[in-house]
Every structure is written in C-alpha cells, then in structure tokens.
Amino acid sequence: MKILVYAEQQDGHLKKSAVEAVSFAKQSFESLGNINITVLLGGQVNQQAAADLGKYGANSVWMPAQSTLNAFEVHLHSAAIQQALVETEAEVLVMAHTYCGKSLAPRLSVAWDAALAAGVNGPPECAADGSWKVQRTVYSNKGIATYSVWGARRILTFTPNALKPSDGASPCAVTAWNVSLDSVSARTRNLELQKVQGKIPLTEAERVISGGRGLKGPEHWHLIEDLAEACDAATACSKPVSDMHWRSHDEHVGQTGITIKPDLYIAVGISGAIQHLAGVSSSKTIVAINTDQDAPFFKVADYGVVGDAFEVLPQLTQAIRRLRKG
Ligand SMILES: Cc1cc2nc3c(=O)[nH]c(=O)nc-3n(C[C@H](O)[C@H](O)[C@H](O)COP(=O)(O)OP(=O)(O)OC[C@H]3O[C@@H](n4cnc5c(N)ncnc54)[C@H](O)[C@@H]3O)c2cc1C
Numbered sequence: 001m002k003i004l005v006y007a008e009q010q011d012g013h014l015k016k017s018a019v020e021a022v023s024f025a026k027q028s029f030e031s032l033g034n035i036n037i038t039v040l041l042g043g044q045v046n047q048q049a050a051a052d053l054g055k056y057g058a059n060s061v062w063m064p065a066q067s068t069l070n071a072f073e074v075h076l077h078s079a080a081i082q083q084a085l086v087e088t089e090a091e092v093l094v095m096a097h098t099y100c101g102k103s104l105a106p107r108l109s110v111a112w113d114a115a116l117a118a119g120v121n122g123p124p125e126c127a128a129d130g131s132w133k134v135q136r137t138v139y140s141n142k143g144i145a146t147y148s149v150w151g152a153r154r155i156l157t158f159t160p161n162a163l164k165p166s167d168g169a170s171p172c173a174v175t176a177w178n179v180s181l182d183s184v185s186a187r188t189r190n191l192e193l194q195k196v197q198g199k200i201p202l203t204e205a206e207r208v209i210s211g212g213r214g215l216k217g218p219e220h221w222h223l224i225e226d227l228a229e230a231c232d233a234a235t236a237c238s239k240p241v242s243d244m245h246w247r248s249h250d251e252h253v254g255q256t257g258i259t260i261k262p263d264l265y266i267a268v269g270i271s272g273a274i275q276h277l278a279g280v281s282s283s284k285t286i287v288a289i290n291t292d293q294d295a296p297f298f299k300v301a302d303y304g305v306v307g308d309a310f311e312v313l314p315q316l317t318q319a320i321r322r323l324r325k326g
C-alpha cells in the first residue's frame, strides 16, 4: 500500500505533529505488510531532521525544491499535495487534525474524490474486506462514534497527541521535489506571522497549567506561569478569563476555544463547566485545584486538591522544583 504523509513545518522546523503523522501511518498499516510511506514536507526544513523521519517509518522524504510552500497557504499546499498524490500513486493520505490539516483535508477529499476520516482518536482497525473501522470523539467529547471507511482513496486525519511516536528504523533518503504551482492562483497570502515568543504551543504541549476566574485577576497569573515553568508546561485559561482580557484569546480552551489532549492538565480555579470540559476532558491525567469541593471539575479529575490556589500553587511549584532538581 502506498501512503503519502503530509508533514507540517514552521519557520524551517518540523512540528511535533510531523513525527506523529509518520508514526501514525506506520503503526496503522504496518500489519498489512508491504507498505511504502512517502513524506511530503510542508516546506523546507533541515536536511538531517527530514532524513530522521525515516526512523519513524518513512521510506522517503520529499522536500519542496522551491521556497513557495514555506509559509502555509491552503490553495498552494492543497495543489502541492494533489501533485504528490498523483506522482506517488498513493491510495492513502495521512495528516494531523491541526489548523492546517482541518483546512486541507476537506478540500482534498473533494478534489481527489476520496473518503475522509477526520480527527480520529487512534489507528484504524483494518478489516479483512479492506474497510477500516475508526473512532472519533463527538458532541464536545461526550461520546465516541465509530465509522466504517472504504473506497480506493482515503484520507485520515488524527488528533495530535493521539499516540506516542516510536522510532527504531534508520534515517531515509531526502529528495528535492519540484512542485509546479504556476497555474494555482492562491486567493489569500500570508503577509506576516507574528509568533508568540518563548511559549510552548498549546496544541503541542504535553503538560498544561490552566487558570480560571478563581485566580481573581491578571496580576496573579505569575502563580500559573511559575508552575508552568517548573513543569515545562504551556499555559491556558477559561473563556471568561480571556473575555475579560486577563489573558490573550490564544490561551482559551474549551468548546469555543482550542481543544487539547495533553498528558497532564492542571485546572486551577476553574469550575469545570461542560463548555470548558469539551476542550480538555481528553487529557490523559487531570488535576483540579478548587476551593469548592462540589466544583464539577472534581467529577472528571483524576486528582483533586480542595484548597485555595493562592496557598496551593506556591507550595506545589516549590515541591516540583525541588523534585526536578534532586
Ligand atoms: C456557548 C458557550 C460556549 C462556551 N465556551 C466556553 C469555552 O470554550 N471555554 C470555557 O472555559 N468556558 C466556556 N463557556 C463558559 C462556561 O460556561 C463557564 O462560564 C466558564 O468555563 C467558567 O469559567 P471559570 O471556571 O473560570 O469561572 P467560574 O465559573 O466563575 O469558576 C471559578 C472557580 O474558581 C473557584 N475558586 C474561587 N476562588 C478560588 C481560589 N482562591 N482557589 C481555587 N479555586 C477558587 C470557584 O470555586 C469556581 O469553581 C461557554 C459558555 C457558553 C454559553
């Protein structure tokens, strides 16, 4: 089976989801035997980093020879992927269910006339008749739906952090790939990208410390930031916190914000309303810190601290710093 994996990059660095995408393709289909995974890079990256994708299962990596794709533009990237699908004669396209994947996959599904399984939670179960069984969370994480997917061409997007990438193979060859985009008219252009400096991107973070209205005001956010720094974590917040401009909207998680799936989510002074939980309840371990022992968050938390954030946070931060030093 020929598989094309689209691997995202930013500013010349592979995103974490790139490695996950290759691993996802390998872990999903290696049991079928005789698979060939070509990775199309979403722009130019360091040659060694590209070759290292071979360790996760890539048979070859195609690096665009031109710099045209370095900044994400959906029409250009969609056209490039279509060209690569034809040249590789791929039957399956795998990509992450990220901002880029969500905008590319539906377009490609129509253009390539393919079945689309979007935002799946884990590798598909491959049935003897050639169809796949895939699962995804639905209704704001309140249910899990199972779908059957079939057809000669299929696109699979997976939720980031769905599996641990496993390496073990060898680096692979990286080919400079000539993409012809002259006839593609991009309808939007990225003029500037201002990156939030020095922060771990929320969607890629393995640990997240999140604050709610219980923190009483933005002047107390150093307590969240100190704990985040001690744990190498990203910071997040509830909707009212960003609505009141205590924190910027790019930290707002939940039904109307970002959906995340970190290994550890610590919710501080957040009640646990369903709209908030919709974006965080798939976290692998949840810790809630709240003065109210009846706060809904405690119903979904793996660990809970009934206590005042202003007392608990400094002690927790100190204890973690001590532990990590020793
Ligand atoms: C359509 C819709 C979409 C929404 N989308 C989202 C969304 O995406 N994300 C989101 O977050 N919300 C969303 N909301 C809002 C949501 O319903 C809640 O109102 C919101 O999550 C509450 O935020 P909070 O927990 O920070 O504040 P509160 O509900 O005010 O809770 C504060 C918590 O802090 C605790 N507390 C107080 N003092 C302390 C202290 N000193 N130490 C420790 N704990 C303390 C309190 O006991 C309380 O549990 C949405 C609402 C609607 C209607």
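In the working numbering, the protein residues as written are 1 to 326.
Here a beta-carbon is modelled for each residue, glycine too, at the ideal position from N, C-alpha and C.
Closest by C-alpha distance to residue i, when choosing among the options
i: Ala157; options: Ser271, Asn178, Ala118 and Ala173; result: Residue identity check: residue 157 is Thr in the sequence provided, not Ala. Residue Ala118 is the option with its Cα nearest to Thr157.
i: Ala273; options: Lys239, His249 and Gly12; result: Lys239
i: Gln9; options: Val19, Lys2 and Met1; result: Val19
i: Thr235; options: Val241, Ile200, Ile258 and Glu219; result: Ile200
i: Ile81; options: Tyr6, Thr159 and Arg322; result: Tyr6
i: Arg153; options: Asn190, Val280 and Ala111; result: Ala111
i: Gly212; options: Trp150, Ile270 and Asn141; result: Ile270
i: Arg321; options: Trp132, Gln27, Val120 and Glu229; result: Glu229
i: Gln315; options: Asp129, Ile224, Gly279 and Val179; result: Ile224
i: Met1; options: Ile258, Ile37 and Thr259; result: Ile37
i: Trp177; options: Ile35, Gly42 and Leu32; result: Gly42
i: Glu125; options: Asn161, Glu91 and Ser28; result: Ser28
i: Val120; options: Leu4, Thr98, Val306 and Gln194; result: Thr98
i: Pro160; options: Leu202, Gly257 and Ser140; result: Leu202
i: Ile258; options: His276, Asp226 and Val312; result: His276
i: Ala173; options: Val208, Leu53 and Ala25; result: Leu53
i: Ala233; options: Asp129, Ile209, Thr175 and Gly304; result: Ile209
i: Glu91; options: Glu219, Leu4, Ala205 and His252; result: Leu4
i: Glu311; options: Ala79, Phe24, Thr291 and Ala186; result: Thr291
Nearest-angstrom beta carbon gap, residue j and residue i [assumed within contact, 8 Å]
i: Leu40; j: Val74; result: So it is not a contact: roughly 15 Å between Cβ atoms.
i: Leu76; j: Thr88; result: Not confirmed; about 18 Å, so no contact.
i: Val94; j: Gly57; result: Going by Cβ atoms, the distance from Val94 to Gly57 rounds to 11 Å, so no, they are not a contact pair.
i: Ile289; j: Tyr265; result: Contact flag wrong, Cβ pair sits at about 12 Å.
i: Pro64; j: Val179; result: 5 Å
i: Val268; j: Leu215; result: 7 Å
i: Pro171; j: Ala51; result: 4 Å
Counted within 10 angstroms of its Cβ, other Cβ atoms place residue i as buried (16 or more) or exposed
i: Pro262; result: buried
i: Thr146; result: exposed
i: Asp243; result: exposed
i: Pro123; result: buried
i: Trp150; result: exposed
i: Ile260; result: buried
i: Lys299; result: exposed
i: Asp302; result: exposed
i: Ile144; result: exposed
i: Val86; result: exposed
i: Asp182; result: exposed
i: Gly12; result: exposed
i: Lys15; result: buried
i: Lys245; result: Correcting the residue type first, residue 245 is His in the shown sequence and not Lys. Under this definition His245 is an exposed residue.
i: Thr175; result: exposed
i: Gly168; result: exposed
Residue i CB to nearest heavy atom of ligand 1 below 8 Å
i: Ser31; result: no
i: Lys142; result: no
i: Ile35; result: no
i: Arg187; result: no
i: Phe310; result: yes
i: Ala273; result: yes
i: His276; result: yes
i: Ala301; result: no
i: Gly217; result: no
i: Gly257; result: yes
i: Ser238; result: yes
i: Gly212; result: yes
i: Ala234; result: no
i: His252; result: yes
i: Thr291; result: yes
i: Val241; result: yes
i: Val268; result: yes
i: Gly119; result: no
i: Gly304; result: no
i: Ala162; result: no
i: Phe72; result: no
i: Ala295; result: yes
i: Gly279; result: yes
i: Gly57; result: no
i: Gly326; result: no
i: Gly307; result: yes
9 Å Cβ cutoff, residue i in contact with chain C
i: Ser28; result: The structure shown contains no chain C; it is built from a single protein chain.
#### Entry: Sequence ranges, beta strand (DSSP E) only - wholly within the stretch 193-233, length at least 3
List check, beta strand (DSSP E) in window: 207-211.
Next on the checklist: Suppose only complete runs of 3+ residues qualify. What are the beta strand (DSSP E) ranges in the stretch 61-99, listed by chain order?
Outcome noted: Scanning the stretch 61-99 for uninterrupted beta strand (DSSP E) segments of 3 residues or longer gives 92-96, listed from N- to C-terminal end.
May I have a chain-ordered list of the beta strand (DSSP E) segments no shorter than 3 residues that lie completely inside the stretch 267-302? Fully contained in the stretch 267-302 are the following beta strand (DSSP E) runs of length 3 or more, in chain order: 285-290.
task = Would you mind listing the beta strand (DSSP E) stretches within the stretch 97-131 that are 3+ residues and don't spill past its ends, in chain order?
result = If we require 3 residues or more, the beta strand (DSSP E) runs fully inside the stretch 97-131 come out as 115-120.
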